[in-house]
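In full-length UniProt numbering, the protein residues as written are 1 to 219.
So this is what it looks like as structure tokens:
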């Protein structure tokens, strides 16, 4: 069994997977069983996850790509307040740089972005949802579930990537997967075995020093 600190430090957002290497259901079930131990307000366990594999995943990807071509999203700094937009640009520069895509290569960047709606070729395509009547406190519970799941998958040698871009087309997701309207679609989740030949899968994105995000008061 790997050390917890090693599991945390080695987790990466994988942006390309091996499409022909399926994830054993028993390993996915093990990781989900651990994630279900995450804390939540009043034990509401507010997370709902929909997974598509096989032919259902193929149909979902086809429908998403059709929607993307018909109405490309204005990704920009979607979901970020203006004062934090620079963080998205900095991360994008790291990711595209690792892929060898120049800043002025608009075609190359768009080709890379399209992989989002292919779930980066991952064999397991997930959507994470929460009941529409829940609030910020309950969203924290979903986040703790999701982080626990990512770490449990990593411990088993399985890669993952949380994807905000998947939520840009909620109508497609609801139609393809039967997601009820009383659930808010929060994000997508790609799960599979990372393609080790893909350079961006080895990117170690920087983190702030603790002092930038944490305050200790002791007087």
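Yeah, the Cβ is synthetic: ideal placement off N, Cα and C, and Gly gets one too.
Remember, predicted model here, so these are calculated numbers, not experimental data.
- Ranked by Cα distance from residue 200, the options 16, 117 and 126 are led by 16.
- Distance between residue 63 and residue 171, taken at the CA atoms: about 10 angstroms.
- Around the Cβ of residue 116, a 10 Å sphere holds 16 or more other Cβ atoms; the residue is buried.
- With 16 or more other Cβ atoms inside 10 Å of its own Cβ, residue 127 counts as buried.
- A direct Cα-to-Cα measurement between residue 180 and residue 167 gives close to 14 angstroms.
- The continuous alpha helix (DSSP H) containing residue 113 extends over residues 106-114.
- Counting the other Cβ atoms within 10 Å of the Cβ of residue 87 gives fewer than 16, which makes it exposed.
- Taking residue 65 as reference, the option from 97, 30, 19 and 114 with the minimal CA-CA separation is 114.
- By the Cβ-count criterion, residue 136 is exposed, with fewer than 16 other Cβ atoms from all chains shown falling within 10 Å of its own Cβ.
- Around the beta carbon of residue 100, fewer than 16 other beta carbons sit within 10 angstroms, so the residue counts as exposed.
- With respect to the 7 angstroms criterion, residue 149 and residue 33 are not classified as neighbours on the basis of their beta carbons.
- For residue 131, the closest of 124, 139 and 125 by C-alpha to C-alpha distance is 139.
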